[in-house]
C-alpha cells in the first residue's frame with residue numbers, strides 16, 4: 007500500500023494529511039504556525055505535525071512514498087525553502103521545507119508549491135474533465151492565482167509565479183498595497199483591504215451609511231453583511247466587483263483558461279456577491295473566449311488537497327500520472 011502526505015503551511019496554521027493510494031484521507035492534523043524565534047522553529051513544527059499525522063494514520067513516516075507542500079511565500083525553489091515570509095515576524099527569515107521533509111519521509115519525491123499553485127493542482131485533479139488550461143484565484147487576506155497552461159503548472163524560475171494580486175489595476179494608485187506599491191488589485195479587493203477601500207470611498211462622498219466605518223474592528227464581513235439593506239455598502243461591493251472583474255479579465259487575456267475557480271475566505275463567505283459581478287462584466291471586458299467562472303469545488307480544503315494531489319501526480323494534478 008502506497009501512502010501520500012500533503013502539507014499546508016500558512017501564516018496562521020500548519021496542516022498535514024495522509025492519504026492512501028486511492029487518495030482517501032485517512033488522517034489529518036493541524037497546529038498553529040510558530041511566530042519564532044526563527045524559521046527552524048516553523049520547520050520543526052511542520053515535522054512534528056507530519057509525524058503526528060502519520061502516527062494517527064497508523065504508518066511510519068518512511069512509508070509515505072511522496073509529499074506535496076503548499077506554502078506561503080516567497081519561495082526559493084532551488085533551496086526548497088520560504089524566504090522572508092511577509093506575514094510572519096522579521097526574525098523568521100528562512101524556513102527550510104523540502105530537505106527536512108525528505109529526510110523524515112526518506113523520499114526525494116517532495117514537491118513544493120506556493121499555496122495558489124497548490125490550489126490549481128487540487129482543482130485540476132478533482133475536476134471531472136481534468137483540464138489542461140485552468141486557473142485558481144484566491145480572494146482572501148490577499149489575492150493570488152495558480153495557473154495551468156497546456157497541462158503545465160506555471161511556477162516561474164523561483165516558484166513565485168501567479169502573484170496577480172500585485173498587478174497594477176488602478177493607474178492613479180489611489181490606494182497602497184500591503185507590499186508598499188500603489189494601485190494593486192490586492193489593495194482594493196483583499197479581505198484585509200476592503201475595509202480600507204470602504205473608508206476611502208466614504209471620505210470621498212461622506213454619505214449616510216449603517217456601516218461601522220469608525221469602529222476599529224470594521225471588517226470586510228461588515229461590508230458584505232450590510233450590502234442588502236445599505237446603499238453605500240452595495241456601492242462598495244459593486245466597486246470591489248469591478249476591480250475583481252478587471253483582474254480576472256487580465257488573467258483571461260494572459261492565459262486563456264477554460265475554467266477559473268475562485269476560492270479564499272472572501273469568495274467562500276460571499277459567493278454570489280463576489281462572483282456575480284465578475285461574471286456580469288466579462289463580456290464587456292474580454293475580447294477572447296470567456297471561461298466558466300466557478301466557486302472552488304474544494305472549499306477551504308483546496309490548498310491541502312492540492313498539496314496531496316501534487317504528491318500523487320508528481321507535482322502536476324494530472325490524473326494520468328497516477
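Numbering (our numbering), first residue to last: 7 to 328.
The beta carbon of each residue, even a glycine, is placed where N, CA and C say it ideally should be.
Query	Result
Identity of the residues DSSP links to residue 36 by a beta bridge	21
Pairwise C-alpha distance: residue 199 and residue 25	37 Å
Distance, residue 100 Cα to residue 90 Cα	6 Å
Beta strand (DSSP E) segment containing residue 70, residue limits	70-77
Sequence-distant residues of its chain with Cβ nearer than 6 Å to residue 110 (five each side left out)	53 and 67
For residue 174, three-class secondary structure by DSSP	strand
Rounded separation between residue 288 and residue 137 - CA only	21 Å
CA-to-CA distance, residue 10 to residue 310, given in whole angstroms	12 Å
CA nearest to the CA of residue 285, picked from 268, 320, 275 and 176	268
DSSP three-state assignment for residue 211, whether helix, strand or coil	helix
Enclosing alpha helix (DSSP H) for residue 102 [first to last residue]	Counting along the chain, residue 102 falls outside any alpha helix (DSSP H), though it belongs to the beta strand (DSSP E) covering 100-102.
Sequence-distant residues of the same chain with beta carbon closer than 8 Å to residue 19, five excluded per side	36, 37, 38 and 39
Cutoff 7 Å; reference residue 313; Cβ partners in own chain excluding five residues on either side	12, 13, 14, 74, 75, 76 and 124
Nearest candidate by alpha-carbon position, reference residue 81, set 59, 131 and 162	162
Limits of the alpha helix (DSSP H) - the one that residue 299 falls within	That residue, residue 299, is in no alpha helix (DSSP H); its beta strand (DSSP E) goes 298-301.
Nearest-angstrom Cα separation, counted from residue 319 out to residue 305	21 Å
Counted within 10 angstroms of its Cβ, other Cβ atoms place residue 119 as buried (16 or more) or exposed	buried
Residue 51 in three-state terms, based on DSSP	helix
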